[in-house]
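Numbering (mature numbering (1 follows the signal peptide of the UniProt record, and there is no 0)), first residue to last: -25 to -1, 1 to 360. We put the CB at the ideal spot given by N, CA and C, even for glycine.
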């Protein structure tokens, strides 16, 4: 999870932590030039109609926020909630199930801006893992709630950072290795116990997930906070150790390596000192994704994590890419910038939310595709065609 700049957008939100596994995490800033809707390959009334309900859900959330609330960027179209409200009011009165009207709406109220012709798209999902409410048997790895001494402070460069106070100084919280060694033991912070430490590690990478108890009950967890330590991608660690090549890095290959090297797995995972704490997610149906950074439930195939420093939260984003093998399916659709991620940097990066279940896990784990990324920014009311 990227550091929050303004908490009024995020307060009380269970936001996902999207952390790229690969050795190379950043891309350039992109092109950023206005383009016509006619240049969007695959754009048309059917896609506009399918995407409109997600925008209406966003609008209901935005309508509850002060108009001056910032959505990530300092200035420019879409930087504040008020920039979106005229389009929201227009969308609210569109005829139901009229795809042609939906297409006219987008083309009237938004200006496509090419952010990058060669963006990098990765994927994330909600994992489901085995766990129990009490320690015993194979369930020996604790899932911790947010410690009461974990807090946030403003750094000298203006960022809000996580940590705790020690000896009158604000420092990062205990590292992953320290927590694994028992730094939080005896404080009654355990929410659950899981069967596999690697399951917890990847749950922390995804930022939210589902824990299936022996009874079959599902307990949903979402991001509660982080320790303030730097995030070190495990793929990068394994590449540097010569255990795999950069081209071989995926969630599946990393999990396979950890399973094949149990005597080294803990030490390798601890080379990433970053640690995520969780909250229980009790008020969202299992049929919906966990809320992202914007505060609305993530929609499989329609939500994405972006760098909100260059693309405001809530922005419709046109994606032209493909799914990884064995599908290789062309993927051209309108998604919405509803989440953020530590390693999602620049205008040429997006992380696509693919849902939950085995298929979502397999696709997200292998997703590292290039493609075209176009942001649909709100036109000023006076310049609408």
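Three-state class that DSSP yields for residue i in the structure shown
{"i": "residue 335", "result": "helix"}
{"i": "residue 149", "result": "coil"}
{"i": "residue 254", "result": "strand"}
{"i": "residue 78", "result": "helix"}
{"i": "residue 199", "result": "strand"}
{"i": "residue 16", "result": "coil"}
{"i": "residue 228", "result": "helix"}
{"i": "residue 326", "result": "strand"}
{"i": "residue 340", "result": "helix"}
{"i": "residue 51", "result": "coil"}
{"i": "residue 107", "result": "strand"}
Option in the options with minimal Cα separation from residue i
{"i": "residue 113", "options": "119, 133, 121, 104", "result": "104"}
{"i": "residue 90", "options": "324, 332, 123", "result": "324"}
{"i": "residue 299", "options": "146, 189, 343", "result": "343"}
{"i": "residue 361", "options": "350, 317, 137", "result": "Outside the shown range of the chain (-25 to 360) lies residue 361, about which nothing can therefore be said."}
{"i": "residue 15", "options": "334, 199, 296", "result": "296"}
{"i": "residue 127", "options": "188, 203, 93, 260", "result": "203"}
{"i": "residue 12", "options": "248, 86, 164, 317", "result": "86"}
{"i": "residue 249", "options": "134, 154, 21", "result": "154"}
Beta carbon of residue i nearer than 7 Å to that of residue j
{"i": "residue 43", "j": "residue 55", "result": "yes"}
{"i": "residue 368", "j": "residue 246", "result": "The structure shown does not extend to residue 368, since the chain is modelled only from -25 through 360, so no value can be given for it."}
{"i": "residue 292", "j": "residue 312", "result": "yes"}
{"i": "residue 98", "j": "residue 327", "result": "yes"}
{"i": "residue 329", "j": "residue 272", "result": "no"}
{"i": "residue 106", "j": "residue 287", "result": "no"}
{"i": "residue 102", "j": "residue 177", "result": "yes"}
{"i": "residue 118", "j": "residue 167", "result": "yes"}
{"i": "residue 69", "j": "residue 80", "result": "yes"}
{"i": "residue 251", "j": "residue 144", "result": "no"}
{"i": "residue 164", "j": "residue 253", "result": "no"}
Endpoints, beta strand (DSSP E) assigned at residue i
{"i": "residue 313", "result": "305 to 314"}
{"i": "residue 363", "result": "The requested residue 363 is not part of the displayed model; the chain covers only -25 to 360."}
{"i": "residue 285", "result": "Run containing residue 285: none; DSSP gives neither H nor E here."}
{"i": "residue 88", "result": "85 to 101"}
{"i": "residue 348", "result": "343 to 353"}
Enclosing alpha helix (DSSP H) for residue i [first to last residue]
{"i": "residue 237", "result": "237 to 244"}
{"i": "residue 279", "result": "Not the alpha helix (DSSP H): residue 279 falls in the beta strand (DSSP E), residues 278 to 280."}
{"i": "residue 211", "result": "209 to 215"}
Minimum length 4: unbroken alpha helix (DSSP H) runs contained in the segment 120 to 196:
151 to 155, 172 to 181
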